[in-house]
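> One structure, pasted below without further comment.
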Amino acid sequence: MGRILNLTVLMTILVLTMVGTAFSGNFNEDFDLTWGDHRGQIFGGGKMLSLSLDRVSGSGFKSKKEYLFGRIDMQLKLVAGNSAGTVTAYYLSSEGPTHDEIDFEFLGNETGKPYVLHTNVFAQGKGNREQQFYLWFDPTKNFHTYSLVWRPQHIIFMVDNVPIRVFNNAEQLGVPFPKNQPMKIYSSLWNADDWATRGGLVKTDWSKAPFTAYYRGFNAAACTVSSGSSFCDPKFKSSFTNGKSQVPNELNAFGRRRLRWVQKYFMIYDYCSDLKRFPQGFPPECRKSRV
């Protein structure tokens, strides 16, 4: 019986992985290199992108389309070796002082020490909703898939189809939620040695430059907004019209168990548990922060 159950779980993970990465976009068609001159490059016929950082500058890109709800997948292979002081940011964001934003930030470290995966959610210009994690693998050895499922009900952060964080819509408690502003996809590789590694104690070793991160496997099953009109990928749109989730990796019982596993063994910071930061009581959304 146990072997049958394990085989079922394995097949479920395999199918979800295939669904999440089967339809890869083209970086030439979907993104613009926005800064860093030659430090950002698209190659392999648009199937691969790299960003680099040296002493002079980092680099970055952004999507040509804006998205309003959907599932966004991107495969990354992070800066290898001594990456202390570097930050690889991959996020969704709107514009303006009351912008919304959903963040993955990968904080580099000294050789042999783990990256810190920093997550945050901004709504109406207000962030400060950080959770941080170590990863259960070396993110510099191979490509891994980092996904955001953004729905009116919640935002789910995923790594290789494993949910690591859920931010629920708590508007009934007076907490703004990102749901009205379309967002573009951004990524950048930059120097943050004033704060990123052990609070800025470890500085960037420029003798190891250039530092390079690689991207592939972009996929968006999402609603896009352009020139006042919108289009929803049928795979995602159906999840709003029939009341049942059609988006891969919505949290079933197995997903909730995986979420609890990550948060128990790999979470290293949760703003909803920081008594020193909130001596007068935690933010209201914290009572809804877990599934």
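Numbering-wise, the sequence shown is residues -22 to -1, 1 to 269 according to mature numbering (1 follows the signal peptide of the UniProt record, and there is no 0). Glycine included, each C-beta is placed from N, C-alpha and C at the ideal position.
Nearest to residue 74 by alpha carbon, out of 89, 211, 24, 161?
On the sequence shown, residue 74 is found 96 positions in, with the first residue counted as 1. Among 89, 211, 24, 161, the Cα nearest to that of residue 74 is on 161.
> Give the single residue among 91, 41, 92, 48 whose Cα lies nearest to the Cα of residue 68.
One-based indexing of the sequence shown puts residue 68 at position 90. When each option's Cα is compared against that of residue 68, the closest is 41.
> Does the Cβ of residue 139 have 16 or more other Cβ atoms within 10 Å, making it buried, or fewer, making it exposed?
By one-based count along the sequence shown, residue 139 stands at place 161. So residue 139 counts as buried.
> In this structure, how does DSSP classify residue 99 when only helix, strand and coil are distinguished?
Translated into the one-based positions of the sequence shown, residue 99 becomes position 121. It is a strand residue.
> What are the boundary residues of the alpha helix (DSSP H) that residue 236 is part of?
Within the sequence shown, numbered from 1, the residue matching residue 236 stands at position 258. Counting along the chain, the alpha helix (DSSP H) containing residue 236 begins and ends at 231 to 243.
> Between residue 11 and residue 31, what straight-line distance do the alpha-carbon atoms span, to the nearest angstrom?
Stepping through the sequence shown from its first residue, residue 11 is reached at position 33. Stepping through the sequence shown from its first residue, residue 31 is reached at position 53. Taking the straight line from one Cα to the other gives about 14 angstroms.
> Taking the continuous alpha helix (DSSP H) assigned at residue 5, which residues delimit it?
On the sequence shown, position 27 is the one that residue 5 refers to. Its alpha helix (DSSP H) spans residues 5 to 8.
> With C-beta atoms as the reference, is residue 98 less than 9 angstroms away from residue 90?
Position 120 of the sequence shown, counting from 1, holds the residue named residue 98. Position 112 of the sequence shown, counting from 1, holds the residue named residue 90. No.
> For a quick check, are the C-beta atoms of residue 65 and residue 167 less than 9 angstroms apart?
Locating residue 65 in the sequence shown gives position 87, where the first residue counts as 1. Locating residue 167 in the sequence shown gives position 189, where the first residue counts as 1. Contact flag set, yes.
> Measure the CB-CB distance between residue 190 and residue 28 and report whether it falls below 9 angstroms.
Residue 190 sits at position 212 when you count from the first residue of the sequence shown. Residue 28 sits at position 50 when you count from the first residue of the sequence shown. Cβ atoms of residue 190 and residue 28: closer than 9 angstroms.
> Can you tell me whether residue 251 is buried or exposed? The criterion is at least 16 other CB atoms within 10 Å of its CB, across all chains shown.
Here residue 251 corresponds to residue number 273 of the sequence shown, with the count starting at 1. It counts as exposed.
> Between the beta-carbon of residue 26 and the beta-carbon of residue 5, is there less than 9 angstroms?
In the sequence shown, the residue the question calls residue 26 occupies position 48. In the sequence shown, the residue the question calls residue 5 occupies position 27. A contact, by the Cβ cut-off of 9 angstroms.
> Please report the straight-line C-alpha distance between residue 254 and residue 78, rounded to a whole angstrom.
Stepping through the sequence shown from its first residue, residue 254 is reached at position 276. Stepping through the sequence shown from its first residue, residue 78 is reached at position 100. If I take the Cα positions, the gap works out to 26 angstroms.
> Please return the same chain residues whose Cβ sits closer than 6 angstroms to the Cβ of residue 192, not counting the five positions on each side in sequence.
Along the sequence shown, one-based indexing puts residue 192 at 214. The residues are 28, 55.
> Determine whether the beta carbon atoms of residue 237 and residue 107 lie at a separation below 9 angstroms.
Within the sequence shown, residue 237 is the residue found at index 259, counting from 1. Within the sequence shown, residue 107 is the residue found at index 129, counting from 1. No. Outside cutoff.
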